[in-house]
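A.B. asks: What follows is a single structure, and I will ask about it in a moment.
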Amino acid sequence: MPSPLPLPARTARPPAVSPRIDDPMALLRACHEKVVRFTRLAQRLQAHVAEHGADAQAREAATAVLRYFTLAAPLHHADEDENLFVALRALGHADVNARIDALQQEHDTLGALWQPVRAWLAHIAEGQTPPHGSPDVDGFATRYRAHAAQEEASVYPHAAELPAPVLRALAEAMVARRSPPPD
Numbered sequence: 093m094p095s096p097l098p099l100p101a102r103t104a105r106p107p108a109v110s111p112r113i114d115d116p117m118a119l120l121r122a123c124h125e126k127v128v129r130f131t132r133l134a135q136r137l138q139a140h141v142a143e144h145g146a147d148a149q150a151r152e153a154a155t156a157v158l159r160y161f162t163l164a165a166p167l168h169h170a171d172e173d174e175n176l177f178v179a180l181r182a183l184g185h186a187d188v189n190a191r192i193d194a195l196q197q198e199h200d201t202l203g204a205l206w207q208p209v210r211a212w213l214a215h216i217a218e219g220q221t222p223p224h225g226s227p228d229v230d231g232f233a234t235r236y237r238a239h240a241a242q243e244e245a246s247v248y249p250h251a252a253e254l255p256a257p258v259l260r261a262l263a264e265a266m267v268a269r270r271s272p273p274p275d
């Protein structure tokens, strides 16, 4: 009997209320919800692969986690680093700016922690049981979720101080980042 891996994102139920495209903070929080979902899926995948190897269910789950952290997570970090954090720094709050500095450094750390997890998931997605066991998936997952929680608790609330045109520009930049280049 296969272990209970939830179905990957494309078959998962969407949130009850999808964030509006013109509400950049809701979009960023929705990304954090996906971080939680996909890090938990990666953690469950460890036990599944240990028991069942890289079976079809594991391959599908690994592909979903890879897709999120390879495609969506870098866009999310760019939304923060290139737009939100720049706008928040302009508010001139020294304490917020110090938190932003730490969060941006953490983006680099998370990127480094992701690399061995990515390689492990790539083996599984290709139907191969990874040759060297699993990397520190729990460490990656726990740290990523703590990072998202820290952003939401200590920095995101200050977005309420941003003027409407700045928030609109943030939303437009997020959409542009995800749009195909013009022909």
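My numbering puts the first residue of the sequence shown at 93, with every later residue one more than the last. We put the CB at the ideal spot given by N, CA and C, even for glycine.
#1: Cα separation between Ala-239 and Val-128?
#2: Quick one: what's got a C-beta closer than 6 Å to Leu-133's C-beta in the same chain, skipping five residues either side?
#3: Measuring CA to CA, which of Pro-227, Gln-196, Asn-175 and Gln-197 is closest to Arg-210?
#4: With a CB to CB cut of under 6 Å and the five nearest residues on each side skipped, what residues in its chain are close to Asn-175?
#5: Pick helix, strand or coil for Gln-220, following the three-state DSSP scheme.
#6: Reducing DSSP to helix, strand and coil, say where His-250 ends up.
#7: Please give the ranges of any alpha helix (DSSP H) in the segment 120–203, keeping only runs that are unbroken, at least 4 residues long and fully inside the region.
#8: Check whether the Cβ atoms of Gln-242 and Leu-195 sit closer than 8 Å, and answer yes or no.
#9: Have a look at Gln-207 and Leu-120 and give me their C-alpha separation to the nearest angstrom.
#10: Would Gln-220 and Ala-148 be called neighbours here (beta carbons separated by less than 8 Å)?
C.D. replies: Put simply:
#1: Sequence index remark: in the sequence shown, residue 239 carries index 147 (1-based). Sequence index remark: in the sequence shown, residue 128 carries index 36 (1-based). Note that residue 239 is His in the sequence shown here, rather than Ala. Answer to the nearest angstrom: the Cα atoms are 11 Å apart.
#2: Within the sequence shown, numbered from 1, the residue matching residue 133 stands at position 41. Only Ala-153 and Val-157 meet the Cβ criterion.
#3: For the purposes of this step, residue 210 is taken as the residue at position 118 of the sequence shown. Nearest option by C-alpha distance: Pro-227.
#4: Indexing the sequence shown from 1 puts residue 175 at position 83. A distance below 6 Å between beta-carbons, with the five flanking residues on each side excluded, links Asn-175 to the following residues of its chain, in chain order: Leu-262 and Ala-265.
#5: Position 128 of the sequence shown holds residue 220. DSSP places Gln-220 in coil when its eight states are reduced to three.
#6: Position 158 of the sequence shown, counted from the first residue, corresponds to residue 250. Of the three classes helix, strand and coil, the one that applies to His-250 here is helix, per DSSP.
#7: Segments of the alpha helix (DSSP H) lying fully in the segment 120–203: 148–159, 165–170 and 177–181.
#8: Numbered from its first residue, the sequence shown carries residue 242 at position 150. Numbered from its first residue, the sequence shown carries residue 195 at position 103. At the C-beta level, Gln-242 and Leu-195 come within 8 Å of one another.
#9: The residue labelled residue 207 in the question sits at position 115 within the sequence shown. The residue labelled residue 120 in the question sits at position 28 within the sequence shown. Those two C-alpha atoms are separated by around 23 Å.
#10: Against the sequence shown, residue 220 aligns to sequence position 128. Against the sequence shown, residue 148 aligns to sequence position 56. No, the pair does not count as a contact, with Cβ atoms beyond the cut-off.
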